[in-house]
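A.B. asks: Just so you know, the sequence shown maps onto residues 3 to 458 in our numbering. Every residue gets a Cβ at the ideal spot worked out from N, C-alpha and C, and that includes glycine. Just so we're clear, the structure is a prediction, and the values are computed from it rather than from any experiment.
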Amino acid sequence: MNSSRATIGSKLKSQGMMVMNKRIQSKAFALSTTILAIGFVVLMSQQASLHWRSEWYKGAADTVKFPGSYKEGEGIVCDRSHFRTDLCTAFGHVQMHANLSSILLHAQDKSNFGIEEKVRPYTRKWEKDVMAIVHEVTLKSVPLTSSSNVNCDVVHNVPAIVYSTSGYTGNLYHEFNDGIIPMYITTQHLEKEVVFIIVDCHNWWLTKYDEILKQLTKYRVINFENETMVHCFPEVTVGLFIHGDLMIDPSLMVHNKSILDFRAFVNRAYTPHWFVPEPNSDQPRLVILVREGNRVILNLKEVVGLAEQLGFNVTVWKPLRTTELKTTYALLNSSHVLLGVHGAALTHFLFMRPGSVFIQVIPLGTEWASDTYFGEPAERMGFQYIGYKIGLEESTLSHKYSKNDIVLRNPRAVVQQGWAVTKQIYLESQDVIINLSRMKRVLIRAKRKANKFMSL
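#1: If we count the other Cβ atoms within 10 Å of its Cβ and call it buried at 16 or more, is Gln426 buried or exposed?
#2: Ordered along the chain, which non-local residues of its own chain (more than five positions away) have a Cβ less than 7 Å from that of Ile214?
#3: Please state if the CB of His158 and the CB of Phe264 are separated by a distance shorter than 7 Å.
#4: Could you tell me the distance, in whole angstroms, from the CA atom of Phe353 to the CA atom of Met383?
#5: Who does Phe385 pair with in a DSSP beta bridge?
#6: Whose C-beta lies closer than 7 Å to the C-beta of Asn153 among residues of the same chain, with five residues either side of it excluded?
#7: Taking the alpha-carbon positions, what's the Glu193 to Val164 distance?
#8: Mind checking Ala309: buried by the 16 CB within 10 Å criterion, or exposed?
#9: Are Val318 and Ile290 touching if we call contact CB-CB under 7 Å?
#10: Determine the extent of the beta strand (DSSP E) in which Asp81 is found, giving its start and end residues.
#11: Around the C-beta of Asn179, are 16 or more other C-beta atoms found within 10 angstroms, so that it is buried, or is it exposed?
#12: Does DSSP classify Trp54 as helix, strand or coil?
#13: Distance, Cα to Cα, Val223 vs Met441?
#14: Hey, is the stretch 253–267 in contact with the stretch 390–397, meaning 3+ C-beta pairs nearer than 8 Å?
#15: What's the C-alpha gap between Thr125 and Thr188?
#16: Just to confirm before moving on: does the CB-CB distance between Gln362 and Gly389 stay below 7 Å?
#17: Any idea if Glu378 is buried or exposed, counting beta-carbon neighbours within 10 angstroms, 16 or more meaning buried?
#18: Closest to Thr219 by C-alpha separation, out of Val240, Lys120 and Val197, would be which residue?
#19: In this structure, does DSSP put Ala271 in helix, strand or coil?
#20: For Lys402 and Glu369, what's the separation of their Cα atoms in angstroms?
#21: Return helix, strand or coil for Ile214, following the three-state DSSP convention.
#22: Over the uninterrupted alpha helix (DSSP H) stretch that includes Ser439, give me the two end residues.
#23: For Val444, collect the residues of the same chain with a Cβ closer than 7 Å to its Cβ; drop the 5 residues on either side in sequence, then sort them by chain order.
#24: Looking only at DSSP bridge pairs, what is Thr239 linked to?
#25: Based on Cα-Cα distance, which residue from Thr325, Phe226, Asp433 and Thr329 lies nearest to Ala162?
#26: I'd like to confirm something about Phe226: is its beta-carbon nearer than 6 Å to some heavy atom of the ligand GTP, or not?
#27: Taking buried to mean at least 16 other C-beta atoms within 10 Å of its own C-beta, is Gly116 buried or exposed?
#28: On the DSSP bridge list, what partners appear for Pro145?
#29: Within 10 angstroms of the Cβ of Thr239, are there 16 or more other Cβ atoms? Answer buried if so, exposed if not.
#30: Tell me the rounded alpha-carbon separation between Glu138 and Asp88.
#31: What's the C-alpha gap between Lys120 and His84?
#32: From Pro145 to Ile105, what does the alpha carbon distance come to, in whole angstroms?
#33: Any idea which residues DSSP pairs Tyr390 with across the strands?
#34: Relative to the C-alpha of Ala109, which candidate in Lys216, Leu333, Met133 and Ile78 has its C-alpha closest?
#35: Verify whether the separation of the beta carbon atoms of Glu118 and Lys142 is less than 7 Å.
#36: In its own chain, which residues sit with a C-beta less than 7 Å from the C-beta of Gly367, not counting the 5 before and 5 after it?
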């Protein structure tokens, strides 16, 4: 056995276990009901399960209001109570000065002179290394002078939102969790009457999410660093509201919008009508999302053959960075089952229709992440979620470590050592060999669910 691996195992054997299983238990949805009924049940269960999260987040709602709420007066208000995000809003006579990396409030009231706040507008505040690369924006107040109006090259009568596409942008999960969903939470009530100012802006990001952005705003997105004109607004908010992992808490939303409303929003972005499967096919479509590099299904060919024998119309799909989201949406929104190994690309499940089947293959050591980032969100959205937790013999780690090594015997204790160890062992050094007998039972169950979904 490799001595370095043995050393890792022996060093970790003495470590205690950390209970990390916070999985929300929810009842399966009755497939004989309509999509509307599914949505109602999901919304009710979501509101109950998110009660503690709502209490945890109350602070921001009390001090920083939703954009568009400041109709009169002036000031700079901030909320730094949330562990995920900071938010500051300047309202009154507000100017954006990109060359100064500043949002200026030209204040009339002396009590508002000399205020200065700094915000890194990204929703992973607790990750100091990540936040260090996010552009810091300064909000400060200066006395209003007769020349203040002259300095406005462009005058807007709608609020602006400042947000960074730095951090983990490039990872699909984080693009939605840290950015797109918080953008929806923060601005959906404005009905496109909002201007987005993006710092650390990437042109590829603007292109990739063009359809989404057009559903959020009717105005040109401003690239903060490249903008040469001075823009004036009645109100500018730096930062975004966020509720949790792929989560929308209706009790914190204007009009009580939920994650199902977000799914409908995605649908509007990519097609004017529901994209439905071809009427000539009576076989449920199964999309198998494949990875490369790590967490690869090594016996993929056999899994595909098994699924076809069971009566699935199988599509093996490998998303690329250049794949347009509208193309991905067309594929997944017309499918009935999605199967894939835990990883960021599973975020594409958001493009499936609520009520369809989502099978997540859960490698060793990834149980908490799999449940938190995909399992629980999928259930909240009304998917028929199946978590396929692999056995020891299905992990290639069983070929690298002895069966008594803590890496195999107690993954939770290893995960407790931190992200670096978890990433090295369980995310980057593990592939899977699916047990076909076990998977057959799962696919039979999935087909039964998919057939009922198709009959709705």
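C.D. replies: On the basis of the supplied data:
#1: exposed
#2: Ile182 and Ala271
#3: no
#4: 11 Å
#5: DSSP output for Phe385 lists no bridge partner at all.
#6: Gln97 and Val232
#7: 17 Å
#8: buried
#9: yes
#10: Gly77 to Asp81
#11: buried
#12: Below a pLDDT of 50, predicted positions are generally treated as unreliable, and Trp54, at 30, falls in that range; the measurement from the model is reported next regardless. Here Trp54 sits in helix by DSSP.
#13: 46 Å
#14: no
#15: 12 Å
#16: yes
#17: buried
#18: Val197
#19: helix
#20: 20 Å
#21: helix
#22: Leu438 to Met456
#23: Ile361, Ile388 and Tyr390
#24: Thr91 and Ile163
#25: Phe226
#26: In the structure on display, the ligand GTP does not appear, and there are no ligands present to speak of.
#27: exposed
#28: Ala109
#29: buried
#30: 12 Å
#31: 16 Å
#32: 14 Å
#33: Val363
#34: Ile78
#35: yes
#36: Pro413, Val416, Val417, Thr424, Ile427 and Tyr428
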